[in-house]
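2 protein chains.
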Amino acid sequence: MKKVKCIIGALAVLVLMLGAAECFAQQNVKAPDALTVIHSRKSVRNFTGQAVSREALDTVLRAGMAAPTAVGRQPWAFVVVTDRKTLDTLRDGLPYAKMLGKAGAAIIVCAMPEKAHDKKIEFALIDSTCAGENILLAAEAIGLGAVWTAAYPYKDRMDVVRKTLRIPDDVIPLNVIPVGHPTGIDKPKNKYNPENIRWEKW
Amino acid sequence: MKKVKCIIGALAVLVLMLGAAECFAQQNVKAPDALTVIHSRKSVRNFTGQAVSREALDTVLRAGMAAPTAVGRQPWAFVVVTDRKTLDTLRDGLPYAKMLGKAGAAIIVCAMPEKAHDKKIEFALIDSTCAGENILLAAEAIGLGAVWTAAYPYKDRMDVVRKTLRIPDDVIPLNVIPVGHPTGIDKPKNKYNPENIRWEKW
Numbered sequence: 246m247k248k249v250k251c252i253i254g255a256l257a258v259l260v261l262m263l264g265a266a267e268c269f270a271q272q273n274v275k276a277p278d279a280l281t282v283i284h285s286r287k288s289v290r291n292f293t294g295q296a297v298s299r300e301a302l303d304t305v306l307r308a309g310m311a312a313p314t315a316v317g318r319q320p321w322a323f324v325v326v327t328d329r330k331t332l333d334t335l336r337d338g339l340p341y342a343k344m345l346g347k348a349g350a351a352i353i354v355c356a357m358p359e360k361a362h363d364k365k366i367e368f369a370l371i372d373s374t375c376a377g378e379n380i381l382l383a384a385e386a387i388g389l390g391a392v393w394t395a396a397y398p399y400k401d402r403m404d405v406v407r408k409t410l411r412i413p414d415d416v417i418p419l420n421v422i423p424v425g426h427p428t429g430i431d432k433p434k435n436k437y438n439p440e441n442i443r444w445e446k447w
Numbered sequence: 246m247k248k249v250k251c252i253i254g255a256l257a258v259l260v261l262m263l264g265a266a267e268c269f270a271q272q273n274v275k276a277p278d279a280l281t282v283i284h285s286r287k288s289v290r291n292f293t294g295q296a297v298s299r300e301a302l303d304t305v306l307r308a309g310m311a312a313p314t315a316v317g318r319q320p321w322a323f324v325v326v327t328d329r330k331t332l333d334t335l336r337d338g339l340p341y342a343k344m345l346g347k348a349g350a351a352i353i354v355c356a357m358p359e360k361a362h363d364k365k366i367e368f369a370l371i372d373s374t375c376a377g378e379n380i381l382l383a384a385e386a387i388g389l390g391a392v393w394t395a396a397y398p399y400k401d402r403m404d405v406v407r408k409t410l411r412i413p414d415d416v417i418p419l420n421v422i423p424v425g426h427p428t429g430i431d432k433p434k435n436k437y438n439p440e441n442i443r444w445e446k447w
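Heads up: the sequence lines are chains B and W, in that order.
Residue numbers for the first sequence follow the working numbering, so the first one is 246 and each next one is one higher.
Residue numbers for the second sequence follow the working numbering, so the first one is 246 and each next one is one higher.
Right under this line is the structure:
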């Protein structure tokens with residue numbers, strides 16, 4: 246009887262220890278909280294060259310499509326490039342996207358005025374920009390790096406992107422976002438400036 | 246001796262239980278992870294009327310200012326309104342901002358082309374939009390609700406906002422973002438659509 250009590254007691258302690266261990270483990274692998282990600286997000290221009298998984302790209306794209314859009318129109322499309330030749334073509338044709346050379350992928354957020362609320366180009370651009378920001382944040386959240394390199398509003402850059410990716414003329418390539426594994430050298434900036442806050446009126 | 250062993254054993258179990266309890270408790274109060282916030286963010290149009298603390302507004306504004314800006318120019322300013330009369334004036338003057346009536350505050354993101362890279366209005370708008378998206382996400386992250394109501398690109402709405410808040414003519418009021426305590430009735434939309442993803446080319 247005493248032996249049975251001992252065994253039950255030991256098993257109870259073991260279950261408790263396993264539960265606690267799992268809880269601690271979960272805390273460590275849990276994705277960082279939103280405010281931490283917002284503040285740790287940075288423009289990553291230095292990548293290891295490692296490939297980016299399809300799963301990671303899917304996660305990032307889903308985040309992009311969770312952005313708000315005027316009247317829910319979702320006037321956007323996302324071209325995702327993983328092909329090395331295409332990445333190099335974009336790298337060679339764009340002045341500030343040289344980091345594509347070691348990125349694992351690129352996401353090109355495309356604004357589509359025809360689909361936007363009131364067919365306004367402004368909403369197509371605003372909505373797509375919100376998607377772009379979500380993409381940058383999601384990449385940061387899963388330990389990848391990314392950077393918004395502008396295509397719009399430069400005609401020559403948009404032409405390069407349209408030609409390389411066969412994007413129609415009525416679609417605006419907003420940016421080219423290289424995505425990859427960061428070397429770690431790029432750091433976030435602290436842009437908090439209370440002078441940019443005006444209370445109650447300008 | 247046996248009694249001492251018993252007491253030590255019981256204390257060990259107690260410590261283990263307290264540790265596990267604290268771990269579980271911490272998991273519950275920890276801010277939600279970034280991807281969860283991105284996907285739970287929604288346009289909140291139903292508020293309780295409760296005030297929003299200065300601390301909460303500070304958190305949200307800091308998040309806004311953590312957004313990327315072209316060449317780090319930060320071409321933005323943020324007008325924060327908590328005064329009830331001003332909120333009501335904005336509410337009465339704008340067609341789709343009636344929820345200001347029960348919001349605790351409003352944040353008006355202002356784009357400043359004069360400060361933007363190459364003084365391009367496009368960058369002022371893009372950068373300020375990224376800030377706006379961070380504001381929406383940060384509000385969601387701390388349990389508040391918010392919604393982007395457009396001022397730009399409507400001249401009449403921008404005029405109302407400029408006049409009410411004394412914003413200079415060369416500054417663009419991008420939006421009016423009511424911020425408040427959500428009733429809980431507003432839910433996120435699932436806008437994921439794989440047809441909007443184009444692999445390798447359009």
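From the three backbone atoms N, C-alpha and C, an ideal C-beta is built for every residue, glycine too.
Contact check, residue i vs residue j, beta carbons under 7 Å
| i | j | result |
| --- | --- | --- |
| Ala351 of chain B | Leu332 of chain B | yes |
| Trp321 of chain W | Ala376 of chain W | yes |
| Leu189 of chain B | Val282 of chain B | A question about residue 189 of chain B goes unanswered here, because the residues of chain B that appear run from 246 up to 447. |
| Arg318 of chain B | Lys287 of chain B | no |
| Ala369 of chain B | Pro358 of chain B | yes |
| Ala342 of chain B | Thr394 of chain B | yes |
| Val211 of chain W | Leu345 of chain W | Only positions 246 to 447 of chain W appear in the structure, and residue 211 of chain W is not among them; the question remains open. |
| Phe323 of chain W | Leu306 of chain W | yes |
| Leu261 of chain B | Leu261 of chain W | yes |
| Val289 of chain W | Ala391 of chain W | yes |
| Glu367 of chain W | Pro398 of chain B | yes |
| Ala279 of chain B | Ala386 of chain W | yes |
Counted within 10 angstroms of its Cβ, other Cβ atoms place residue i as buried (16 or more) or exposed
| i | result |
| --- | --- |
| Asp328 of chain W | exposed |
| Pro277 of chain W | buried |
| Trp444 of chain W | exposed |
| Asn273 of chain W | Note that Asn273 of chain W scores a pLDDT of 48, beneath 50, so its modelled location is shaky and nothing firm can be said. |
| Val406 of chain B | buried |
| Leu410 of chain B | buried |
| Leu422 of chain W | Checking the sequence shown, residue 422 of chain W turns out to be Ile, not Leu. That one is buried. |
| Gly388 of chain W | exposed |
| Ala257 of chain W | exposed |
| Asp372 of chain B | buried |
| Asn438 of chain W | exposed |
| Asn441 of chain B | buried |
| Met246 of chain W | exposed |
| Gly254 of chain W | exposed |
| Ala266 of chain B | exposed |
The ligand PLP heavy atom lying under 6 Å from the CB of residue i
| i | result |
| --- | --- |
| Trp444 of chain W | As for the ligand PLP, it is missing from this structure, which has no ligand bound. |
Neighbouring residues, chain D, relative to residue i (Cβ below 8 Å)
| i | result |
| --- | --- |
| Pro413 of chain W | Included in the structure are the protein chains B and W, with no chain D among them. |
Cβ-based contacts, 7 Å cut-off: residues of the stretch 375-390 of chain W near chain B: Cys375, Glu378, Asn379, Leu381, Leu382, Ala383, Ala386
At 4 residues or longer, what runs of the alpha helix (DSSP H) sit wholly inside the stretch 357-422 of chain B? 366-386, 400-410
Please list the residues of the stretch 277-298 of chain B that have a C-beta atom closer than 8 Å to any C-beta atom in chain W, keeping them in chain order. Pro277, Asp278, Ala279, Leu280, Thr281, Val282, Ile283, His284, Arg286, Ser288
Is the stretch 417-433 of chain W touching the stretch 295-311 of chain W, taking contact as three or more C-beta pairs under 8 Å? yes
Between the stretch 347-365 of chain W and the stretch 414-424 of chain W, are three or more C-beta pairs nearer than 8 Å? yes
Length at least 4, wholly inside the stretch 269-356 of chain W: the alpha helix (DSSP H) runs in chain order: 279-285, 299-309, 329-338
Okay, do the stretch 333-345 of chain W and the stretch 406-416 of chain B touch, 3+ Cβ pairs below 8 Å being the bar? no
Compile a chain-ordered list of the residues in the stretch 297-323 of chain B whose CB is closer than 8 Å to at least one CB of chain W. Thr304, Leu306, Arg307, Ala308, Met310, Ala311, Ala312, Pro313, Thr314, Ala315, Gly317, Gln319, Trp321, Ala322, Phe323
Decide if the stretch 432-445 of chain W is in contact with the stretch 367-383 of chain W; the criterion is three or more beta carbon pairs, one per stretch, under 8 Å apart. no
Going along the chain, which residues of the stretch 426-439 of chain B sit with their C-beta nearer than 7 Å to a C-beta in chain W? Lys434, Lys436, Tyr437, Asn438
Closer than 8 Å between beta carbons: that is the criterion. Which residues of the stretch 323-338 of chain B meet it against chain W? Phe323, Val324, Val325, Val326, Thr327, Asp328, Thr331
Which of the residues in the stretch 390-404 of chain W, read from start to end, lie with their CB under 9 Å from any CB of chain B? Val392, Trp393, Ala395, Tyr397, Pro398
Where the stretch 335-367 of chain W meets chain B: residues whose CB sits under 7 Å from a CB there: Lys365, Glu367
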